[in-house]
Amino acid sequence: EPEVTQTPSHQVTQMGQEVILRCVPISNHLYFYWYRQILGQKVEFLVSFYNNEISEKSEIFDDQFSVERPDGSNFTLKIRSTKLEDSAMYFCASSILGYEQYFGPGTRLTVT
Amino acid sequence: RKEVEQDPGPFNVPEGATVAFNCTYSNSASQSFFWYRQDCRKEPKLLMSVYSSGNEDGRFTAQLNRASQYISLLIRDSKLSDSATYLCVEMNTGNQFYFGTGTSLTVIP
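As given, the protein sequences belong to chains A and B, one line each in that order.
Position 74, counted from 1, in the first sequence is what my numbering calls 60; the numbers after and before it change by one each time, with no gaps.
Position 100, counted from 1, in the second sequence is what my numbering calls 97; the numbers after and before it change by one each time, with no gaps.
Pasting the structure below:
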């Protein structure tokens, strides 16, 4: 069964550094998403991406964040100048038609 | 914006029991709802979609009540493997997912 994959599974970075989180969505899916979940809190929407552009973004997704689909398979989330409060689990998801979303296993980001 | 509200629980039920969770939403224009389950420190996994009046899949039944703006999930004949956090999700007209905080279920032998 096709799955969303994410790398790395755990990333530790120092405050102020830039990180890139990588995702490979399910191959025939057209919609891509990033979410984050701070430990003990709910899953929060960050951004959705369709047809090579951002279709929706939340208030959390400010200028510190960017997304890219550099080739036909990868979907990346870049976080510039990381802060302590960026520490969270980041989930990528994909959807074929923009309804049911399938989530990857997540990248745990720890900012020290 | 108050989006999706769930009773956090925890619900502790014996094996074989029937358990129901409710979830309320605030946006009357939302059309699509989902139930996901999340195991500790894992990703949400799609359990059921709730598009119209309801949906049934084996031991699981999801219902949507538009008049009262809530959805429910019923689990019959609970198994130990059903222990997880159940997440209610509302999809708004912009295809954004809003997650509830989740309801914790522990099925006890």
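Glycine residues also receive a C-beta, built at the ideal position from the N, C-alpha and C atoms.
Member of 27/A, 21/A and 36/A whose CA lies at the smallest distance from the CA of residue 45/A: Within the first sequence, numbered from 1, the residue matching residue 45/A stands at position 59. Nearest of 27/A, 21/A and 36/A to residue 45/A, Cα basis: 21/A.
With 16 other Cβ atoms within 10 Å as the buried cut-off, status of residue 88/A: For this step, residue 88/A is matched to residue 102 along the first sequence. Answer is buried; the Cβ neighbour count reaches 16.
Residues that residue 23/B contacts on chain A, provided the C-beta gap is smaller than 7 Å: Your numbering for residue 23/B matches position 26 in the second sequence. Per Cβ cutoff of 7 Å: no residues; residue 23/B is ~15 Å from chain A at best.
Sequence-distant residues of its chain with Cβ nearer than 6 Å to residue 24/A (five each side left out): For the purposes of this step, residue 24/A is identified with residue 38 of the first sequence, where counting begins at 1. These residues qualify, in order along the chain: 74.
CB contact flag (residue 64/A, residue 52/A, <9 Å): Position 78 of the first sequence, counted from the start, is the residue given in the question as residue 64/A. Position 66 of the first sequence, counted from the start, is the residue given in the question as residue 52/A. Cβ atoms of residue 64/A and residue 52/A: closer than 9 Å.
Reduced DSSP category for residue 77/B - H, G, I as helix; E, B as strand; rest coil: Residue numbering aside, residue 77/B sits at position 80 when the second sequence is read from its first letter. Here residue 77/B sits in helix by DSSP.
Interface flag, residue 84/A vs chain B, CB-CB below 9 Å: If you number the first sequence from 1, residue 84/A lands on position 98. Chain B, which has a Cβ nearer than 9 Å to the Cβ of residue 84/A, makes this yes.
Contact between the stretch 86 to 102 of chain B and the stretch 4 to 12 of chain B (3+ Cβ pairs under 8 Å): yes
DSSP-derived helix/strand/coil call for residue 54/A: For the purposes of this step, residue 54/A is taken as the residue at position 68 of the first sequence. Of the three classes helix, strand and coil, the one that applies to residue 54/A here is strand, per DSSP.
CB contact check: residue 75/A to chain B, cutoff 9 Å: In the first sequence, counting from the first residue as 1, residue 75/A sits at position 89. Cβ-Cβ to chain B under 9 Å: yes for residue 75/A.
CA nearest to the CA of residue -10/A, picked from 19/A, 4/A and 33/A: Working through the first sequence from its first residue, we reach residue -10/A at position 4. Nearest of 19/A, 4/A and 33/A to residue -10/A, Cα basis: 19/A.
Residue-chain proximity (residue 8/B, chain A), Cβ-Cβ < 9 Å: As a first step, residue 8/B must be located in the second sequence, where it is residue number 11. Answer no: the Cβ-Cβ gap between residue 8/B and chain A never drops below 9 Å.
Check whether residue 9/A and residue 61/A have beta carbons under 9 Å apart: Taking the first residue of the first sequence as position 1, residue 9/A is located at position 23. Taking the first residue of the first sequence as position 1, residue 61/A is located at position 75. Cβ atoms of residue 9/A and residue 61/A: closer than 9 Å.
Per-residue burial, residue 27/A [other beta carbons within 10 Å of its own, 16 or more giving buried]: Position 41 of the first sequence holds residue 27/A. Its Cβ having fewer than 16 others within 10 Å, residue 27/A is exposed.
Cα-Cα separation between residue 55/A and residue 38/B, rounded to whole angstroms: Here residue 55/A is taken as the residue at index 69 of the first sequence, counted from 1. Here residue 38/B is taken as the residue at index 41 of the second sequence, counted from 1. Their backbone Cα atoms lie some 27 Å apart in a straight line.
Cβ-based neighbour list, residue 27/B, same chain, cut-off 8 Å, excluding 5 preceding and 5 following: Translated into positions along the second sequence, residue 27/B becomes position 30. Taken in chain order, the residues that qualify are 87, 88, 89 and 90.
Among 7/A, 13/A, 0/A and 33/A, nearest to residue 94/A - alpha-carbon criterion: Along the first sequence, one-based indexing puts residue 94/A at 108. When only C-alpha atoms are compared, the closest one is 7/A.
Of the residues 12/A, -7/A and 5/A, the one placed nearest residue 92/A, counting alpha carbons only: The residue labelled residue 92/A in the question sits at position 106 within the first sequence. Of the listed residues, the one whose Cα sits closest to residue 92/A is -7/A.
Rounded distance between the beta-carbons of residue 20/B and residue 72/B, thought under 8 Å: Along the second sequence, read from residue 1 onward, the residue named residue 72/B stands at position 75. Along the second sequence, read from residue 1 onward, the residue named residue 20/B stands at position 23. That belief does not hold up - the Cβ atoms of residue 72/B and residue 20/B are roughly 14 Å apart, past 8 Å.
Proximity winner among 76/B, 55/B, 92/B and 47/B, relative to residue 84/B (alpha-carbon distances): Here residue 84/B refers to the residue found at position 87 when the second sequence is read from its first residue. Considering only alpha carbons, the answer is 47/B.
Integer Cβ distance of residue 93/B from residue 13/A, believed to fall under 8 Å: Sequence index remark: in the second sequence, residue 93/B carries index 96 (1-based). Sequence index remark: in the first sequence, residue 13/A carries index 27 (1-based). Their Cβ separation, rounded to whole angstroms, is 24 Å, which puts residue 93/B and residue 13/A out of contact at 8 Å.
Residue of 35/B, 43/B, 64/B and 36/B minimising C-alpha distance to residue 49/B: For the purposes of this step, residue 49/B is taken as the residue at position 52 of the second sequence. Comparing Cα positions, the closest option is 64/B.
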